[in-house]
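Peer 1: Pasting a structure below so you can have a look.
Number of protein chains: 2
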Amino acid sequence: MVVKVYGPAYASPKRVLVCLVEKEVEFETVHVNLLAGENQNPDFLKLQPFGSLPVIQDGDYTLFESRAILRYFAEKYKYQGTDLLGKTIEDQGLVNQWLEVEAQNYHPPLNNLVLHLMFSPNFGIVRDEKVIKESEEKLAKVLDIYEDRLSKSKYLAGDFFSLADLSHLPFTSYLVGPVGKAYMIKDRKHVSAWWDDISSRPSWLKTLEICKKYNPLA
Amino acid sequence: MVVKVYGPAYASPKRVLVCLVEKEVEFETVHVNLLAGENQNPDFLKLQPFGSLPVIQDGDYTLFESRAILRYFAEKYKYQGTDLLGKTIEDQGLVNQWLEVEAQNYHPPLNNLVLHLMFSPNFGIVRDEKVIKESEEKLAKVLDIYEDRLSKSKYLAGDFFSLADLSHLPFTSYLVGPVGKAYMIKDRKHVSAWWDDISSRPSWLKTLEICKKYNPLA
Chain A
1 MVVKVYGPAY ASPKRVLVCL VEKEVEFETV HVNLLAGENQ NPDFLKLQPF GSLPVIQDGD
61 YTLFESRAIL RYFAEKYKYQ GTDLLGKTIE DQGLVNQWLE VEAQNYHPPL NNLVLHLMFS
121 PNFGIVRDEK VIKESEEKLA KVLDIYEDRL SKSKYLAGDF FSLADLSHLP FTSYLVGPVG
181 KAYMIKDRKH VSAWWDDISS RPSWLKTLEI CKKYNPLA
Chain B
1 MVVKVYGPAY ASPKRVLVCL VEKEVEFETV HVNLLAGENQ NPDFLKLQPF GSLPVIQDGD
61 YTLFESRAIL RYFAEKYKYQ GTDLLGKTIE DQGLVNQWLE VEAQNYHPPL NNLVLHLMFS
121 PNFGIVRDEK VIKESEEKLA KVLDIYEDRL SKSKYLAGDF FSLADLSHLP FTSYLVGPVG
181 KAYMIKDRKH VSAWWDDISS RPSWLKTLEI CKKYNPLA
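Protein chains in written order, with the UniProt record's numbering: chain A, 1 to 218; chain B, 1 to 218.
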């Protein structure tokens with residue numbers, strides 16, 4: 001039975017798709033329309049009580065939270081496709097560290113920019129210029145630290161592409177696209193080279209291809 | 001060489017201490033005074049560029065982000081002390097899922113309550129009643145989902161204590177103590193039993209004992 005990915009039009013589920021492509025795992029997608037409130041249907045809430053995406057089903061095993069799903073597939077198919085975890089416990093520690101930095105430092109201000117500049121006025125979000133300004137300032141500081149880090153190693157956790165890099169793809173793609181702030185990436189030499197590298201991976205291009213029939217704003 | 005934990009007076013470093021006690025790993029603590037701005041010293045920023053706590057040094061290996069550190073020690077000492085990861089890949093997936101729920105759903109509103117009710121007016125935080133009200137409502141919804149989950153299994157990821165439960169200890173301890181909202185836990189039967197269980201573990205009592213000489217507000 002192939003893996004089912006509930007999403008897939010939105011950014012967080014794309015983390016899972018790109019991981020599955022890297023790991024050469026077959027999957028099918030189940031579209032859940034957030035604007036139509038399908039994530040609040042009782043059947044969906046049985047899978048994911050918080051009403052968030054993505055969720056996966058692997059046989060009769062159900063899992064949610066995108067970064068937990070990434071770790072699950074990277075571990076389950078450790079010796080298939082791209083190694084995304086790191087080879088030593090120390091490397092794995094750094095992958096987890098930068099994956100946490102993505103979740104705790106990079107994502108919150110970027111998510112605010114996405115909500116207020118891309119999704120407003122959908123989902124009842126009222127555009128707030130103060131939030132936009134503060135979020136851009138916070139994200140800029142994070143990107144300055146990334147610039148320093150990426151001047152010392154090709155990828156965030158070292159000289160290998162990992163879950164830590166992969167997890168940045170969907171929301172950064174919004175940042176340089178519909179959010180209209182590509183300069184935040186392009187003006188930083190090493191961040192820009194890193195972005196060009198990871199966003200041109202065949203796995204990411206394939207993910208975009210799979211999702212192009214869905215419009216997250218429709 | 002014993003493990004060094006930079007912190008340790010604050011909540012996030014206590015996650016690391018309780019993990020090290022559970023894993024029977026020897027450590028020493030290095031106090032970093034946030035109110036005195038020691039986390040912005042150039043030497044500290046070399047260890048942790050974001051100026052956050054905790055950081056650990058294990059020989060010449062440095063790691064930051066509390067949940068990444070938990071995973072590192074739980075994996076490195078897999079067969080020593082309490083197993084905190086789960087025995088199968090499926091159980092590990094659920095541990096990671098609930099650890100992400102703690103980070104993404106439980107922690108943000110709880111952290112707001114801690115900042116506005118416990119740390120205001122320290123760190124220049126201005127108490128905001130609207131933030132307090134909204135955060136309590138959000139946390140209550142999360143705790144309702146926990147109540148349902150903990151009516152079905154003794155711990156969050158299943159019938160075993162894991163990193164997912166452990167990660168809740170320091171901030172929930174603030175919630176039932178100085179934040180003054182113990183009723184949010186006590187009024188929910190299964191959450192209350194779970195809290196009594198995990199907060200009476202010798203590892204947590206030892207962590208509190210180690211930290212009692214430090215006052216995070218001084």
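Where a beta carbon is used, it is the ideal one built from N, C-alpha and C, also for glycine.
Provide the residue(s) that pair with residue 57 of chain B in DSSP beta bridges, ordered along the chain.
Peer 2: B:4 and B:62
Peer 1: Would you please verify whether the beta carbon of residue 97 of chain A is less than 7 Å from any beta carbon of chain B?
Peer 2: yes
Peer 1: Note down the Cα distance separating residue 49 of chain B from residue 60 of chain A, rounded to an integer number of angstroms.
Peer 2: 42 Å
Peer 1: If you compare alpha carbons, which of A:188, A:118 and A:82 is closest to residue 175 of chain A?
Peer 2: A:118
Peer 1: For the candidate residues A:7, A:31 and A:192, whose alpha-carbon lies nearest to that of residue 144 of chain A?
Peer 2: A:192
Peer 1: Whose Cβ in chain A lies nearer than 8 Å to the Cβ of residue 63 of chain B?
Peer 2: For a Cβ distance threshold of 8 Å, residue set 93, 94 and 97 of chain A lies close to residue 63 of chain B, ordered along the chain.
Peer 1: Which of the three DSSP states is assigned to residue 219 of chain A in this structure?
Peer 2: With chain A covering 1 to 218 only, the question about residue 219 of chain A has no answer from this structure.
Peer 1: Give the interface partners of residue 148 of chain B over in chain D, defined as CB-CB distance under 9 Å, in chain order.
Peer 2: Among the protein chains in the structure shown, which are A and B, there is no chain D.
Peer 1: Just to confirm my understanding: we take residue 138 of chain A, look at its own chain, exclude 5 residues before and 5 after, and list those with CB closer than 6 Å. What are they?
Peer 2: A distance below 6 Å between beta-carbons, with the five flanking residues on each side excluded, links residue 138 of chain A to the following residues of its chain, in chain order: 109.
Peer 1: So which residues on chain A does residue 67 of chain B lean against when the C-beta distance must stay under 8 Å?
Peer 2: Under the 8 Å cutoff, chain A gives 96 and 100.
Peer 1: For the stretch 102–120 of chain B, which residues have a beta carbon sitting closer than 8 Å to at least one beta carbon of chain A?
Peer 2: Closer than 8 Å at the C-beta level to chain A, one finds these residues of the stretch 102–120 of chain B: 103, 104 and 105.
Peer 1: Could you check how far apart the C-beta atoms of residue 32 of chain B and residue 53 of chain B are, in whole angstroms? I think they sit under 8 Å.
Peer 2: 6 Å
Peer 1: Do you know offhand how far residue 153 of chain A's Cα is from residue 25 of chain A's?
Peer 2: Their backbone Cα atoms lie some 29 Å apart in a straight line.
Peer 1: With burial defined as no fewer than 16 other Cβ atoms inside 10 Å of the residue's Cβ, what is the status of residue 127 of chain B: buried or exposed?
Peer 2: exposed
Peer 1: Residue 92 of chain A by DSSP, collapsed to three states: which one?
Peer 2: helix
Peer 1: Whole angstroms is fine: what's the gap from residue 184 of chain B's alpha carbon to residue 107 of chain B's?
Peer 2: Each residue's Cα considered, the two are about 14 Å apart.
Peer 1: How is residue 207 of chain B classed by DSSP in three states: helix, strand or coil?
Peer 2: helix
Peer 1: Between residue 209 of chain B and chain A, is the shortest Cβ-Cβ distance under 7 Å, so that the two count as touching?
Peer 2: no
Peer 1: Residues of chain B with CB under 7 Å from residue 71 of chain A, in chain order?
Peer 2: 96
Peer 1: Our contact map puts residue 10 of chain B next to residue 216 of chain B with C-beta atoms below 8 Å; I'd like the distance itself, whole angstroms only.
Peer 2: 5 Å
Peer 1: In three-state terms, what does DSSP make of residue 168 of chain A?
Peer 2: Coil at residue 168 of chain A, not helix or strand.
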